[in-house]
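Colleague:
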Amino acid sequence: MFITNLYLLGYLLVFGTAAAACFGSLPRARAIDHEGTRQGLIGLLLTSGCWSLAHLGFLLAPTVELKLVFYHVGLFVGLSTVGPWLYFCSAYTGRNLHKSAPIRRAAIGVFVVISLVKLTNPLHHRYFSSEVLFTPFPHLSIVSQELHWLAMGFAYALSIVGYFMLFELFRQVGHDTTPLLGLVGLTGLPIVLDGLAFVSPAVLNITYEPLGVAAFAVGVLFVFVDNFQTVQLTGEEDDPVIVLDEGGLIREFNVQATELFPELEAGETIESTVPGLGESLDDPENDAVFEFESAGGFRYYRLSIRPLTTDRSRRKRSITLTDVTEREEHRRELKRQNDTLEQFASMVSHDLRNPLNVAQGRVAFLREAEDDEHLTATARALDRMQVLIEDVLALARQGQPIAEREDVRLSVVARDAWDVIEADGSTLTVERDGTFLADVTRLQQLFENLFRNANEHGGDDVEIRVGVLDGGDGFFVADNGVGIPVEDREAVLESGFSTLSDGTGLGLAIVTEIVAAHDWGIRVTSSDSGGARFEIVDIDVTE
206 MFITNLYLLG YLLVFGTAAA ACFGSLPRAR AIDHEGTRQG LIGLLLTSGC
256 WSLAHLGFLL APTVELKLVF YHVGLFVGLS TVGPWLYFCS AYTGRNLHKS
306 APIRRAAIGV FVVISLVKLT NPLHHRYFSS EVLFTPFPHL SIVSQELHWL
356 AMGFAYALSI VGYFMLFELF RQVGHDTTPL LGLVGLTGLP IVLDGLAFVS
406 PAVLNITYEP LGVAAFAVGV LFVFVDNFQT VQLTGEEDDP VIVLDEGGLI
456 REFNVQATEL FPELEAGETI ESTVPGLGES LDDPENDAVF EFESAGGFRY
506 YRLSIRPLTT DRSRRKRSIT LTDVTEREEH RRELKRQNDT LEQFASMVSH
556 DLRNPLNVAQ GRVAFLREAE DDEHLTATAR ALDRMQVLIE DVLALARQGQ
606 PIAEREDVRL SVVARDAWDV IEADGSTLTV ERDGTFLADV TRLQQLFENL
656 FRNANEHGGD DVEIRVGVLD GGDGFFVADN GVGIPVEDRE AVLESGFSTL
706 SDGTGLGLAI VTEIVAAHDW GIRVTSSDSG GARFEIVDID VTE
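Numbering-wise (the numbering used here), the sequence shown opens with residue 206 and increments by one.
(1) For Glu336, which residues from the same chain have a beta carbon less than 6 Å from its beta carbon, with the 5 sequence-adjacent residues on both sides left out?
(2) Hey, would you say Lys244 sits closer than 8 Å to Tyr292, going by beta carbons?
(3) Where do the ends of the alpha helix (DSSP H) carrying Lys304 lie?
(4) Name the two residues that bound the continuous alpha helix (DSSP H) containing Ile689.
(5) By alpha-carbon positions, which one of Phe316, Val219 and Leu539 ends up nearest to Thr412?
(6) Return the chain-ordered ranges of every beta strand (DSSP E) run that is complete within the segment 615-701 and spans a minimum of 3 residues.
(7) Kindly indicate the opening and closing residues of the alpha helix (DSSP H) around Ser253.
(8) So, for Glu653: in the same chain, excluding its five sequence neighbours on each side, which residues have a beta-carbon less than 7 Å away from its beta-carbon?
(9) Would you mind stating whether Asp638 and Glu748 have Cβ atoms separated by less than 8 Å?
(10) Span of the beta strand (DSSP E) holding His277?
(11) Answer with buried or exposed for Ser253, where buried requires no fewer than 16 other C-beta atoms within 10 angstroms of its C-beta.
(12) Determine the DSSP secondary structure at Ser732, reduced to helix, strand or coil.
(13) State the Cα-Cα distance for the pair Asp745 and Ser257, rounded to the nearest angstrom.
(14) May I ask which residues mark the beginning and end of the beta strand (DSSP E) holding Ser346?
(15) Would you tell me roughly how many angstroms separate the C-alpha atoms of Tyr361 and Gly400, rounded to the nearest one?
(16) Just the Cα atoms here: how many angstroms apart are Leu416 and Asp444?
(17) Hey, how far is the Cα of Gly279 from the Cα of Val287?
(18) Give the single residue among Val720, Thr730, Leu713 and Val671 whose Cα lies nearest to the Cα of Glu692.
(19) Could you check the C-alpha separation between Arg507 and Glu496 for me, to the nearest Å?
(20) Report the option in Leu211, Pro512, Val397 and Ala493 whose CA atom is closest to the CA atom of Thr527.
(21) If you run the structure through DSSP and keep just helix, strand and coil, what is Tyr361?
(22) Give every residue of the same chain whose Cβ lies closer than 7 Å to the Cβ of Ala306, excluding the five residues on either side of it in the sequence, and list them in chain order.
(23) With which residues is Thr527 paired in a DSSP beta bridge?
(24) Looking at the structure shown, is Pro512 part of a helix, part of a strand, or coil, going by DSSP?
(25) Quick one: Cα of Tyr332 to Cα of Leu449, how far?
(26) Between Phe421, Ser334 and Ile247, which lies nearest to Ala236 when the distance is taken from Cα to Cα?
(27) According to DSSP, what are the bridge partners of Val727?
(28) Could you check how far apart the C-beta atoms of Leu642 and Glu611 are, in whole angstroms? I think they sit under 8 Å.
(29) What are the start and end residues of the alpha helix (DSSP H) that includes Arg235?
(30) Tell me the DSSP secondary structure of Glu748 in three-state form.
(31) Hey, Val408 and Leu394 are a contact pair by Cβ (cut 8 Å); roughly how many whole angstroms apart?
(32) Who does Ile455 pair with in a DSSP beta bridge?
(33) Please check the pair Ser230 and Ala422, which I expect to be a contact at CB under 8 Å, by giving their CB distance rounded to whole angstroms.
(34) Determine the closest residue to Val613 out of Thr632, Thr640 and Thr634, with distance taken between C-alpha atoms.
(35) Given this structure, state the Cα-to-Cα distance separating Glu270 from Thr222, to the nearest angstrom.
(36) Check Arg610 in the structure and name its three-state DSSP category.
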C-alpha cells in the first residue's frame with residue numbers, strides 16, 4: 206500500500222511541478238521583447254500548464270466517469286499545444302508562417318476535425334478504450350486505438366517542423382548553442398516515456414509532453430535566457446550582427462558577420478579584429494556609417510546599436526551592419542555635385558555683384574550731384590538686376606538634388622519664414638499642424654516665396670492660411686487675395702511669368718524647383734475666399 210501511494214505521489218509531484226513551472230514562467234515570458242516569440246511562448250506555457258492540470262485531475266478523480274472527463278480535457282488541451290509550439294518556432298526563427306492567414310485557417314480546421322474524432326470516441330471507440338488496472342497503483346488505464354496513433358503521428362510530424370526551424374537557426378549563428386540544443390532536446394524526451402508506457406505496465410499510459418515543455422521553459426527563461434534571446438537576435442537578421450559584452454568583448458555573431466569579417470573571434474575586442482569599427486561605435490549618433498575596404502572596393506555600412514538587457518547580471522549591446530553602399534555613394538555624389546554648383550554660383554555671384562555694386566555706387570553719386578531722370582531709370586535697372594541675380598542664384602541652388610532630409614514641423618518652418626519677410630498688415634494662421642521629412646532650409650525658402658507672392662498680389666492686409674491637407678498627403682498655403690485665373694495656373698509656376706512690371710517671374714519657379722527637388726507635387730487652385738491656394742502634395746504627413 207505504501208509503495209502504491211508512493212507511485213501515485215511521484216506522478217502527482219512530477220505533473221504538479223510541471224504545471225507550476227509553466228504558470229510560474231509566464232511573468233518571464235511576458236518580458237520578452239519580440240512580440241511573436243512572446244505570444245507563442247505564452248501560449249505554449251498556458252496550454253502545457255493546463256495539460257498538466259488535466260493529468261492531475263485524471264489521477265486524483267474519485268470515479269471512472271470523472272477521470273474520463275479530465276482525460277478528454279487533456280486530449281483537447283494537449284492537441285492545442287501544437288499550435289503555440291509552431292507559432293513560437295516560426296516567430297523565434299524570424300519566419301512569417303505564424304502570420305499567414307491560410308495557414309491559420311488550415312490549423313483551426315485540422316484542430317476541429319481531430320477534436321471531433323476524439324469527442325465522438327464513445328460512439329466509435331476507435332480512438333481509445335479504458336480499463337481499471339492495479340499496477341503500479343489502482344488507476345484507469347487508457348488503451349490507445351488506431352485513430353489515436355494517427356493523430357499522434359500527425360502531431361509529432363508538425364512538432365518536428367518546429368524542431369527543424371530551431372535547429373536551422375542554431376546552425377546559422379556563430380557561437381555555441383549547445384545549451385539551447387539540450388533544452389530543445391528535453392522537449393522530445395517524453396517520447397521515451399510514452400514508448401515505455403506502451404511496452405511496460407509499470408509506466409502509466411499517459412502523455413508526458415508537459416514535462417518536456419516545463420523543463421524547456423525553466424531553462425530558457427531562468428537559466429539560459431541570455432543565450433535564448435541573443436541567438437534569436439543574431440539568427441533572425443539577414444544583416445551582419447555582432448554582440449558585445451559590457452567590456453566591449455565580442456560574445457556572439459551570426460554567419461553574415463563571419464562572411465564580412467572572417468577574423469571575428471569570440472572573446473576578442475572589436476578593434477583588434479575589425480580596425481576602425483570601434484571608433485565608429487564611439488560616434489554619438491546611433492546610426493553612424495562605417496567605411497570598410499574589401500576585395501571589391503569600399504563598402505559602407507550603417508551601424509545600428511541597441512542595448513541588450515537579456516538578464517539582470519549582464520549588459521550587452523548588439524551592432525547590426527546594414528549595407529548602404531549604394532545610398533552612401535549616391536549621397537556623396539550629390540554632395541560633390543552640389544558643392545561644385547555652389548562654388549560656381551558663388552563665383553558667378555561675386556563676378557556679377559562687384560561691377561554691379563560699382564555701377565550702383567557711381568549712379569548714386571551722380572544722382573546726388575544732379576537728379577536726372579536718366580539716372581533714376583538707370584538706378585531702377587540696376588536694382589532690378591540685383592534682384593534678378595539673387596533670384597537666379599536661388600533658382601540654381603534650390604533645384605539641386607537633396608542629399609539628406611530631417612523631420613520638420615509645418616508650423617515652425619512657416620513661422621520662421623514669416624518672420625523673415627516684410628508683411629506689415631498681413632496675418633498668418635496655421636490651421637492644422639503636421640510633421641514630415643524635408644530639407645528645412647529649402648522648405649523655409651518655399652514658404653518665403655509663397656508668402657511674398659501673396660503679399661505682392663493680395664495687398665497689405667492679406668490673410669494667409671497654412672495647414673495640412675485633409676488626406677494627410679501634403680499641405681497648403683492659401684490667401685484671400687485676388688486669386689489666379691484658371692488659364693494662368695500652369696504658367697504661373699514657370700520661369701519668367703509675372704503680372705507685375707518689375708517682377709522677375711522667378712519667385713514661383715523657385716517654389717517649383719524646391720518641390721521637384723523633394724519629389725513632391727504642386728497644384729494651384731482657388732481658396733475658399735476666392736484667393737490663391739497652393740497645394741504641395743505627395744508628402745507623408747503625420748500629426
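Beta carbons are placed, not taken as given, at the ideal position from N, Cα and C, and that holds for glycine.
Modeller: Put simply:
(1) Counting from 1 along the sequence shown, the entry for residue 336 is found at position 131. In chain order, Ser346 place their CB closer than 6 Å to the CB of Glu336, counting only its own chain and leaving out the 5 sequence neighbours on each side.
(2) Your numbering for residue 244 matches position 39 in the sequence shown. Your numbering for residue 292 matches position 87 in the sequence shown. Here residue 244 turns out to be Gln, not Lys, going by the sequence shown. Taking 8 Å as the Cβ cut-off, Gln244 and Tyr292 qualify as a contacting pair.
(3) Residue mapping note: residue 304 aligns to position 99 of the sequence shown, counting from 1. No alpha helix (DSSP H) contains Lys304, which DSSP labels as neither H nor E.
(4) Taking the sequence shown and counting its residues from 1, one reaches residue 689 at position 484. Run containing Ile689: none; DSSP gives neither H nor E here.
(5) Translated into the one-based positions of the sequence shown, residue 412 becomes position 207. Cα-wise, what sits closest to Thr412 is Val219.
(6) 632-637, 640-643, 668-673 and 679-684
(7) Your numbering for residue 253 matches position 48 in the sequence shown. Per DSSP, Ser253 belongs to the alpha helix (DSSP H) from Glu240 to Leu265.
(8) Counted from its first residue, the sequence shown places residue 653 at position 448. Correct list, in chain order: Ala622, Val625 and Ile626.
(9) Walking along the sequence shown from the start, residue 638 turns up at place 433. Walking along the sequence shown from the start, residue 748 turns up at place 543. In contact: Asp638 and Glu748 (Cβ atoms closer than 8 Å).
(10) Along the sequence shown, one-based indexing puts residue 277 at 72. Not the beta strand (DSSP E): His277 falls in the alpha helix (DSSP H), residues Val269 to Ser285.
(11) On the sequence shown, position 48 is the one that residue 253 refers to. Ser253 is buried by the Cβ-count criterion.
(12) Locating residue 732 in the sequence shown gives position 527, counting from the first residue. In this structure, Ser732 counts as coil in the three-state DSSP scheme.
(13) Residue numbering aside, residue 745 sits at position 540 when the sequence shown is read from its first letter. Residue numbering aside, residue 257 sits at position 52 when the sequence shown is read from its first letter. Answer to the nearest angstrom: the Cα atoms are 52 Å apart.
(14) The residue you call residue 346 lines up with position 141 of the sequence shown. Note, Ser346: beta strand (DSSP E), His344 to Ser349.
(15) Sequence index remark: in the sequence shown, residue 361 carries index 156 (1-based). Sequence index remark: in the sequence shown, residue 400 carries index 195 (1-based). Between Tyr361 and Gly400, the C-alpha separation is close to 14 Å.
(16) As a first step, residue 416 must be located in the sequence shown, where it is residue number 211. As a first step, residue 444 must be located in the sequence shown, where it is residue number 239. In a straight line, the C-alpha of Leu416 is about 37 Å away from that of Asp444.
(17) Mapped onto the sequence shown, residue 279 falls at position 74. Mapped onto the sequence shown, residue 287 falls at position 82. Going from the Cα of Gly279 to the Cα of Val287 covers about 13 Å.
(18) Residue 692 sits at position 487 when you count from the first residue of the sequence shown. Of the listed residues, the one whose Cα sits closest to Glu692 is Thr730.
(19) If you number the sequence shown from 1, residue 507 lands on position 302. If you number the sequence shown from 1, residue 496 lands on position 291. Each residue's Cα considered, the two are about 9 Å apart.
(20) Locating residue 527 in the sequence shown gives position 322, counting from the first residue. Comparing Cα positions, the closest option is Ala493.
(21) The residue labelled residue 361 in the question sits at position 156 within the sequence shown. Three-state result, Tyr361: helix.
(22) Translated into positions along the sequence shown, residue 306 becomes position 101. Closer than 7 Å at the Cβ level, and outside the excluded window around Ala306, lies no residue.
(23) Taking the sequence shown and counting its residues from 1, the one referred to as residue 527 is at position 322. Looking at the DSSP assignment, Thr527 forms a beta bridge with Arg507.
(24) As a working mapping, residue 512 is identified with position 307 in the sequence shown. Strand, per DSSP.
(25) Position 127 of the sequence shown, counting from 1, holds the residue named residue 332. Position 244 of the sequence shown, counting from 1, holds the residue named residue 449. In a straight line, the C-alpha of Tyr332 is about 53 Å away from that of Leu449.
(26) Reading the sequence shown from its first residue, position 31 is the one you call residue 236. The shortest Cα separation from Ala236 among Phe421, Ser334 and Ile247 belongs to Ile247.
(27) If you number the sequence shown from 1, residue 727 lands on position 522. The sequence shown places Ile at residue 727, not Val. Note: Ile727 sits in a beta bridge opposite Ile741.
(28) Within the sequence shown, numbered from 1, the residue matching residue 642 stands at position 437. Within the sequence shown, numbered from 1, the residue matching residue 611 stands at position 406. Right, their Cβ atoms sit about 7 Å apart.
(29) Sequence index remark: in the sequence shown, residue 235 carries index 30 (1-based). Note, Arg235: alpha helix (DSSP H), Leu231 to Arg235.
(30) For the purposes of this step, residue 748 is taken as the residue at position 543 of the sequence shown. Coil.
(31) Sequence index remark: in the sequence shown, residue 408 carries index 203 (1-based). Sequence index remark: in the sequence shown, residue 394 carries index 189 (1-based). Contact between Val408 and Leu394 fails: their C-beta atoms lie close to 14 Å from each other, not under 8 Å.
(32) Here residue 455 refers to the residue found at position 250 of the sequence shown. Ile455 is bridged to Leu449.
(33) Numbered from 1 along the sequence shown, position 25 holds the residue referred to as residue 230. Numbered from 1 along the sequence shown, position 217 holds the residue referred to as residue 422. With a Cβ gap of about 4 Å, Ser230 and Ala422 count as contacting.
(34) Here residue 613 is taken as the residue at index 408 of the sequence shown, counted from 1. Residue Thr640 is the option with its Cα nearest to Val613.
(35) By 1-based counting over the sequence shown, the position of residue 270 is 65. By 1-based counting over the sequence shown, the position of residue 222 is 17. Going from the Cα of Glu270 to the Cα of Thr222 covers about 26 Å.
(36) Taking the sequence shown and counting its residues from 1, one reaches residue 610 at position 405. Here Arg610 sits in coil by DSSP.
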